[in-house]
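Asks:
Protein chains in written order, with this note's numbering: chain A, 1 to 117; chain B, 1001 to 1151; chain C, 2001 to 2182.
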């Protein structure tokens, strides 16, 4: 089971983020939960790509590097775009939170529901 | 105290920012231009350039960074990056397909001028990402000032 | 790979602190710990491109989150939790860990031995096909440039969304119109 241990720890990190989204009242804490879950997913993809004893996927002019010894470059490319999208969506969530604070005067999700209408 | 020191943070922060902000900007340009040779690329370099402007804004207050890069021009630069990226993709249609690397055998691998349209695409992406992030940052800050004036 | 486990433990501890601490500013700083630890892990896993992007994006995210929390008086209060949501969260956590064990031991290849049936094409052909020595860049901007186009679209949409949510000009114009009508 030791060979799957990093995946399991990564799942625990994801579950912490989901727990924050489901259970917290404060909207900033919910945003932090989204951010943590997103980090866990990115980490999982890069963990899958790792090859034991592998090299980074970059060729060099002065050194002969065999393509067989490289780690998998495809998940790296996908994660690279996913990180920037994550920042943009986090900024959007922050903008929504600031607007909600301006309208209701609180970050508490349950009190927002009471004040509606 | 001159008028410049009235807004923003203390003199220590401003002096250090004056020394380092150009270096951060140059590092971002380096990361973008060498994206096809070394780690980095348009995403990381664009965010670094946006961070250099954020540094200016946080240290000196909004009026100085608005002189360098205003909120209206962030939209223009972002749209320019998007149009440049799409134009590179569409020019490829003439040579073989969408996103065809039509400049490809243009230099030895490992040189700065190589890899066809990939460096140009890196520049387009960096314009888009950097201007977009700095626009978001400016928007969040301007609204905060608007709220504090209302109170 | 003992340092990987140490950093993962640090990230889990940082995540728990970020979620359970009362002060919102401390929570944001704890999320910064998680992101920077993630950046170092990317470097250990031989992904330098992703590590550079992660560290830079983390700094920008922490700046934006601190901007959202710093000047508000509520930074020190209202951190309760919903009991029903907490119960559902714990049930979900248990089910997810069980499913993860089952899936990882049956379907996924072990850590350190990736399945490279398709993606071994990219390192083999990157130099002759695109001329870029950085294989990740050649995948992003040549082989899979459609993904990057989609990413640019999503980023554009997010920026437009932020500008729309945060705008203050439209309301003023409506008020002026109402005043003129009256």
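Don't be surprised by glycine CBs; every beta carbon is placed ideally from N, CA and C.
Where does residue 26(A) fall in DSSP's three states?
Replies: Three-state DSSP puts residue 26(A) in a strand.
Asks: Indicate whether at least one CB of chain A lies closer than 8 Å to the CB of residue 1110(B).
Replies: Judged by the 8 Å Cβ criterion, residue 1110(B) is in contact with chain A.
Asks: Just grab the DSSP bridge partners of residue 70(A) for me.
Replies: In the DSSP output, where bridge partners are listed per residue, residue 70(A) has 55(A).
Asks: Quick one: give me the first and last residue of the alpha helix (DSSP H) that residue 2163(C) is part of.
Replies: Run containing residue 2163(C): 2145 to 2166, per the alpha helix (DSSP H) assignment.
Asks: For the alpha helix (DSSP H) containing residue 2048(C), list its first residue and its last residue.
Replies: Residue 2048(C) -> alpha helix (DSSP H) spans 2048 to 2069.
Asks: Relative to the C-alpha of residue 2012(C), which residue among 3(A), 40(A), 30(A) is closest?
Replies: Selected option, being the one with the closest Cα: 40(A).
Asks: Count the other CB atoms, across all protein chains shown, that sit within 10 Å of the CB of residue 1128(B); report buried if there are 16 or more and exposed otherwise.
Replies: Classification of residue 1128(B): buried, given that the 10 Å Cβ count is 16 or more.
Asks: What runs of the beta strand (DSSP E), each 3 residues or longer, lie entirely inside the region 2087 to 2155 of chain C?
Replies: The qualifying runs do not exist here; there are none.
Asks: Using only CA atoms, which one of 1038(B), 1065(B), 1119(B) lies nearest to residue 1106(B)?
Replies: The shortest C-alpha separation from residue 1106(B) is found at 1119(B).
Asks: Taking the C-alpha atoms as reference points, what is the distance between residue 107(A) and residue 1036(B)?
Replies: For residue 107(A) and residue 1036(B), the distance between alpha carbons rounds to 44 Å.
Asks: For residue 25(A), count neighbouring Cβ atoms within 10 angstroms of its own Cβ and tell me buried if that reaches 16, exposed if not.
Replies: So residue 25(A) ends up on the buried side.
Asks: With DSSP as the reference, identify every bridge partner of residue 108(A), one or two as the case may be.
Replies: DSSP output for residue 108(A) lists 26(A) as bridge partner(s).
Asks: Grouping DSSP H, G and I as helix and E and B as strand, with all else coil, what is residue 63(A)?
Replies: Of the three classes helix, strand and coil, the one that applies to residue 63(A) here is coil, per DSSP.
Asks: Please confirm if residue 2065(C) has its CB atom under 8 Å from at least one CB of chain B.
Replies: Not closer than 8 Å to any Cβ of chain B, the Cβ of residue 2065(C) fails to qualify, so no.
Asks: Put residue 3(A) into one of helix, strand or coil per three-state DSSP.
Replies: Helix at residue 3(A).
Asks: Which residues in the same chain have their Cβ closer than 8 Å to the Cβ of residue 1001(B), if we skip the five residues on either side of it in sequence?
Replies: Low local confidence applies: a pLDDT of 41 at residue 1001(B) is under 50, so the model's placement there is unreliable, with the coordinate-based value given in what follows. No residues qualify anywhere along the chain.
Asks: Going straight from the alpha carbon of residue 2014(C) to that of residue 2025(C), what length do you get?
Replies: Cα-Cα distance, rounded: 14 Å.
Asks: Mark residue 20(A) as exposed unless 16 or more other C-beta atoms lie within 10 angstroms of its C-beta, in which case mark it buried.
Replies: Buried: at least 16 other Cβ atoms inside 10 Å.
Asks: Can you give the Cα-Cα distance for residue 2140(C) and residue 2036(C), rounded to whole angstroms?
Replies: Rounded to whole angstroms, residue 2140(C) to residue 2036(C) spans 24 Å at the Cα level.
Asks: Kindly give me the distance between the Cβ atoms of residue 46(A) and residue 2045(C), rounded to whole angstroms, as I take these residues to be in contact under 8 Å.
Replies: About 5 Å; that satisfies the 8 Å criterion.
Asks: Measuring only the C-alpha atoms, how far is residue 91(A) from residue 2135(C)?
Replies: Each residue's alpha carbon lies about 30 Å from the other.
Asks: Does the CB of residue 62(A) have a neighbour CB from chain C at under 8 Å?
Replies: No, because no Cβ of chain C sits closer than 8 Å to the Cβ of residue 62(A).
Asks: Which term fits residue 2(A), buried or exposed, when burial requires 16 or more other beta carbons within 10 angstroms of its beta carbon?
Replies: Residue 2(A) comes out exposed.
Asks: Is the separation between the beta-carbon of residue 2052(C) and that of residue 1131(B) shorter than 8 Å?
Replies: Cβ distance not < 8 Å, so residue 2052(C) and residue 1131(B) don't count as in contact.
Asks: Taking only beta-carbon atoms, is residue 1972(C) less than 8 Å away from chain B?
Replies: This structure does not reach residue 1972(C), given that chain C is present from 2001 up to 2182, and the question cannot be answered.
Asks: At the level of alpha carbons, what is the spacing between residue 1028(B) and residue 1048(B)?
Replies: Answer to the nearest angstrom: the Cα atoms are 5 Å apart.
Asks: Runs of 4 residues minimum, wholly inside the region 1043 to 1119 of chain B: which ones carry the alpha helix (DSSP H) assignment?
Replies: The region 1043 to 1119 of chain B contains these whole alpha helix (DSSP H) runs: 1062 to 1068, 1071 to 1095.
Asks: Starting from residue 2011(C), follow the alpha helix (DSSP H) in both directions and report where the run begins and ends.
Replies: First-last of the alpha helix (DSSP H) with residue 2011(C): 2002 to 2020.
Asks: By the DSSP assignment, the alpha helix (DSSP H) with residue 1018(B) in it spans what residues?
Replies: Note, residue 1018(B): alpha helix (DSSP H), 1011 to 1033.
Asks: Measure the Cβ-Cβ separation of residue 2008(C) and residue 84(A) and say whether it is below 8 Å.
Replies: It is not a contact, given that the beta carbons lie outside the stated cut-off.
Asks: By the 10 Å Cβ neighbour count, where 16 or more other Cβ atoms means buried, how is residue 2083(C) classified, buried or exposed?
Replies: Classification of residue 2083(C): exposed, given that the 10 Å Cβ count is below 16.
Asks: Roughly how many angstroms separate the alpha carbons of residue 1135(B) and residue 2101(C), rounded to a whole number?
Replies: C-alpha separation (whole angstroms): 43 Å.
Asks: DSSP state of residue 1134(B), grouped into three classes?
Replies: Helix, per DSSP.
Asks: To the nearest angstrom, how far is it from the Cα of residue 1025(B) to the Cα of residue 2106(C)?
Replies: Cα to Cα, residue 1025(B) sits roughly 49 Å from residue 2106(C).
Asks: Measure the CB-CB distance between residue 14(A) and residue 37(A) and report whether it falls below 8 Å.
Replies: Yes.
Asks: Report all residues from its chain with a CB closer than 7 Å to the CB of residue 1059(B); omit the five preceding and five following residues, and keep chain order.
Replies: Closer than 7 Å at Cβ, skipping near neighbours: 1008, 1009, 1013, 1014, 1017.
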